[in-house]
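Student:
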Amino acid sequence: MAKLYFRYGAMGCGKSAQLLQTAYNYQERNLKACIMKPKLDTRKENKIYTRIGLEKEVDYLIEQDDDLWQIINDKFKNYNCILIDEAQFLQEKQVDALMQVAIYLDIPVICYGLRTDFLTNGFKGSTRLLQIAHSIEELKTICRCGKKAIYNVRYINGKVAVGGESILIDNKDNVKYVSMCPKCYYEETKKAIKKEEGMVY
Ligand SMILES: [Zn+2]
């Protein structure tokens with residue numbers, strides 16, 4: 211029976227690259243992988259973009275109120291796998307719908323995403339995935355100090371952000387994210403809080 215998978219990791223751990231590699235593996239065997247992502251991510255709109263230069267157009271851009279069960283049942287039922295990038299931006303009910311797809315349509319669904327935002331709070335989509343996915347796997351990357359990076363520091367114009375909206379896409383307003391280990395993360399944010407006294411963290 212097919213399963214719902216969640217592969218999570220900090221920024222820059224190669225989630226999108228692994229997604230494209232998985233899509234390629236299917237393609238190589240003459241199987242069809244359907245690539246989707248939530249529309250919220252406007253970085254390259256209808257493309258999966260990776261830091262190592264690989265790009266691929268998605269088969270479907272997910273709207274916030276999309277019924278994913280209905281959409282996959284109507285359009286992608288004959289696919290061998292559903293791959294979802296930026297799964298942290300999914301709605302909770304969409305994650306539940308993906309579980310139904312795995313169980314009742316017998317199509318494996320592999321979701322890639324961040325576990326937490328820049329303030330270490332869980333994203334809706336990833337939190338639901340951590341709660342219900344059959345299989346959860348961490349994709350690892352390293353901090354500047356060499357330890358495993360699990361958090362993401364947000365920089366705006368080169369300064370560490372210690373407050374703000376959970377979702378702010380990089381490349382806009384000079385927004386940049388750097389993945390760090392918990393120790394470096396707290397050191398970096400503590401320094402920033404001291405600089406900006408009065409900021410609520
Ligand atoms: Zn570190």
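Following our numbering, the numbering of the sequence shown begins with 211 at its first residue and continues without gaps. Even glycine gets a Cβ: it sits at the ideal position worked out from N, Cα and C.
(1) Among the residues of its own chain, which have a CB less than 8 angstroms from the CB of residue 316, if the five just before and after it don't count?
(2) Could you round the C-beta distance between residue 343 and residue 215 to whole angstroms and report it? I think they count as a contact, below 8 angstroms.
(3) Taking C-beta to C-beta, are residue 294 and residue 323 nearer than 9 angstroms?
(4) Can you tell me whether residue 354 is buried or exposed? The criterion is at least 16 other CB atoms within 10 Å of its CB, across all chains shown.
(5) Going by C-alpha to C-alpha distance, which of 256, 307, 350 and 366 sits closest to residue 338?
(6) Keeping to the same chain, check which residues put their C-beta closer than 6 angstroms to that of residue 380; ignore five residues upstream and five downstream.
(7) Could you work out which residue in 285, 266, 393 and 270 is closest to residue 330 when comparing CA atoms only?
(8) Answer yes or no: the CB of residue 390 versus the heavy atoms of ligand 1, is any distance below 8 angstroms?
(9) Check each candidate in 222, 247, 287 and 401 and name the one with the smallest Cα separation from residue 268.
(10) Ignoring anything shorter than 3 residues or poking outside the stretch 300 to 331, list the beta strand (DSSP E) runs there in chain order.
(11) Suppose the cutoff is 8 angstroms on Cβ atoms and the five residues either side in sequence are ignored; what does the same chain contact list for residue 237 look like?
(12) Closest by CA to residue 261, which one among 222, 279 and 283?
(13) Less than 9 angstroms between the C-beta atoms of residue 366 and residue 299, yes or no?
(14) Please find out if some non-hydrogen atom of ligand 1 comes closer than 8 angstroms to the beta-carbon of residue 325.
(15) Buried or exposed: where does residue 240 fall if 16 or more other Cβ atoms within 10 Å of its Cβ makes it buried?
(16) Considering Cα atoms alone, identify which of 296, 278 and 233 is closest to residue 255.
(17) Quick one: is the Cβ of residue 219 within less than 8 angstroms of any heavy atom of ligand 1?
(18) Please find out if some non-hydrogen atom of ligand 2 comes closer than 8 angstroms to the beta-carbon of residue 356.
Tutor: On the basis of the supplied data:
(1) 211 and 212
(2) 6 angstroms
(3) yes
(4) exposed
(5) 307
(6) 386 and 387
(7) 393
(8) yes
(9) 247
(10) 319 to 323
(11) 243
(12) 222
(13) no
(14) no
(15) exposed
(16) 296
(17) no
(18) In terms of ligand content, the structure shown lacks ligand 2 and carries ligand 1 instead.
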